[in-house]
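J.: Before we start, here is the structure in question, set down as structure tokens.
There are 2 protein chains.
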Amino acid sequence: MLSKKTKYAIHALTYLAKSSRQTPVIIREIAQEYCIPQKFLESILLELKKAGFLGSKIGKGGGYYLTKDPKKIKMAHILRMFNGPIALLPCVSLNYYESCAECVDEKQCGLHKMALEVRDAALKILLNKSLGDIVAFEELESC
Amino acid sequence: MLSKKTKYAIHALTYLAKSSRQTPVIIREIAQEYCIPQKFLESILLELKKAGFLGSKIGKGGGYYLTKDPKKIKMAHILRMFNGPIALLPCVSLNYYESCAECVDEKQCGLHKMALEVRDAALKILLNKSLGDIVAFEELESC
DNA sequence: TATAAAATCTATAGAATTACTAGACTTTTA
DNA sequence: TAAAAGTCTAGTAATTCTATAGATTTTATA
Numbered sequence: 001m002l003s004k005k006t007k008y009a010i011h012a013l014t015y016l017a018k019s020s021r022q023t024p025v026i027i028r029e030i031a032q033e034y035c036i037p038q039k040f041l042e043s044i045l046l047e048l049k050k051a052g053f054l055g056s057k058i059g060k061g062g063g064y065y066l067t068k069d070p071k072k073i074k075m076a077h078i079l080r081m082f083n084g085p086i087a088l089l090p091c092v093s094l095n096y097y098e099s100c101a102e103c104v105d106e107k108q109c110g111l112h113k114m115a116l117e118v119r120d121a122a123l124k125i126l127l128n129k130s131l132g133d134i135v136a137f138e139e140l141e142s143c
Numbered sequence: 001m002l003s004k005k006t007k008y009a010i011h012a013l014t015y016l017a018k019s020s021r022q023t024p025v026i027i028r029e030i031a032q033e034y035c036i037p038q039k040f041l042e043s044i045l046l047e048l049k050k051a052g053f054l055g056s057k058i059g060k061g062g063g064y065y066l067t068k069d070p071k072k073i074k075m076a077h078i079l080r081m082f083n084g085p086i087a088l089l090p091c092v093s094l095n096y097y098e099s100c101a102e103c104v105d106e107k108q109c110g111l112h113k114m115a116l117e118v119r120d121a122a123l124k125i126l127l128n129k130s131l132g133d134i135v136a137f138e139e140l141e142s143c
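Below, the structure is given as structure tokens:
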């Protein structure tokens, strides 16, 4: 299951992507919109900034804004950042690989094979789903 | 990611499915095979028994044994028992459904839609994968 | 140039979940 | 009747997740 942190991050990104304003959006506004503890959200937005998804402007009139085209922000990337591996097992994780201590040969492990299939199926969707897709769907449906 | 408990449960089931013995298998033997804390494994096997996957024989010469055909034990079932929901969000979980507090209409939620796609893809695999498949794969490969 | 508004930084506390342990009890077999 | 096995109740330890506190820095503007 996605952690609260992950959901908060996605909500914030969605909000920023939908904001058609030219001025940056302040943390408090996003926090209030989704009932996110403000201090918690601060650290999330900072992480997103350091990862290159957001830019910020300090001081009065400041706030956060997207620096990337929402279509270029893959959901797989966001999930990995905040939720850790997409895979069910470390031994099939592309980004967080670890071998299993008890496993002699991964190629012979039935559980490994199963986890591989699940990972491939999930990844196929998550790599092709962007923040832009999420937003576009919501704006389409609300008509 | 699968919890240790889940992996322990799967290992134990796999071991029992592979055991061609006519006598029950004792906890200690399984625990040693996979370096699982014995007391922890005891509670896991008890859960599996209460869920109808295992039978047990008490007293000297006792132990645990499978009561179902491995082909009839769906991995989706085991994962849900020990690892909780397969879905990424409670609002798309078939067995652990909960609505999101912040969500006005699930049908309009882009994240909901994404989670639904991932769940369907994962479930398609996990419902069609049985303990028997896991074991068969391992016995095939080891030739 | 003082003030207010905003992000940034460091540190820590609290809550929840996961993993594991201890020990007494019951049942069965030889 | 003794040893070997599962069963039951309770609790502890470790880890991860969530949240908070407070000081600092930067910037706009009155």
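Which chain is which? The protein sequence lines are X and Z, in order. Here the first sequence stands for residues 1 to 143, where the numbers follow this note's numbering. Here the second sequence stands for residues 1 to 143, where the numbers follow this note's numbering. Don't be surprised by glycine CBs; every beta carbon is placed ideally from N, CA and C.
(1) Kindly indicate if chain Z contains any beta-carbon less than 8 Å away from that of Phe82(X).
(2) Flag Lys18(X) as yes if its beta-carbon sits less than 8 Å from any beta-carbon of chain Z, otherwise no.
(3) What is the residue span of the alpha helix (DSSP H) that Gly110(X) lies within?
(4) Please determine, among Arg28(Z), Gly132(Z) and Leu127(Z), the residue with the shortest C-alpha to C-alpha distance to Gly110(X).
(5) Taking the DSSP output, what are the residues bridged to Ser56(Z)?
(6) Where does Val104(Z) fall in DSSP's three states?
(7) Please check the pair Cys91(X) and Glu98(X), which I expect to be a contact at CB under 8 Å, by giving their CB distance rounded to whole angstroms.
(8) When burial is assigned at 16 or more other CB atoms within 10 Å of the CB, is Lys60(X) buried or exposed?
(9) Give me the Cα-Cα distance between Phe82(X) and Lys5(X), rounded to the nearest whole angstrom.
(10) Taking the continuous alpha helix (DSSP H) assigned at Ala9(Z), which residues delimit it?
(11) Identify every residue that forms a DSSP beta bridge with Lys74(X).
(12) By alpha-carbon positions, which one of Leu16(Z), Phe40(Z), Ser3(Z) and Ile73(Z) ends up nearest to Gly63(Z)?
(13) How would you list, in chain order, the residues of chain Z whose beta-carbon sits under 7 Å from the beta-carbon of Phe137(X)?
(14) Here's the rule: buried if 16 or more other CB atoms are within 10 angstroms of the residue's CB, otherwise exposed. What is Ile58(X)?
(15) Would you decide whether Lys113(X) is buried or exposed? Buried here means 16 or more other CB atoms lie within 10 Å of its CB.
(16) Can you check whether the C-beta of Pro85(Z) is within less than 8 Å of a C-beta belonging to chain X?
(17) Are Ala51(X) and Ile30(X) touching if we call contact CB-CB under 8 Å?
(18) Chain X beta carbons: is any one of them nearer than 8 Å to that of Lys129(Z)?
(19) According to the Cβ coordinates, are Phe53(Z) and Lys68(Z) closer than 8 Å?
(20) Leaving aside the five residues before and after Leu127(Z) along the sequence, list all residues of the same chain whose C-beta is less than 7 Å from its C-beta, in chain order.
T.: So, to answer that:
(1) So, not an interface residue.
(2) no
(3) Gly110 to Asn128
(4) Gly132(Z)
(5) Tyr64(Z)
(6) coil
(7) 7 Å
(8) exposed
(9) 7 Å
(10) Lys4 to Lys18
(11) Ser130(X)
(12) With distances taken between Cα atoms, Gly63(Z) lies closest to Leu16(Z).
(13) Gly110 and Lys113
(14) exposed
(15) buried
(16) The beta carbon of Pro85(Z) sits closer than 8 Å to some beta carbon of chain X.
(17) no
(18) yes
(19) Cβ atoms of Phe53(Z) and Lys68(Z): closer than 8 Å.
(20) Lys74 and Ala76
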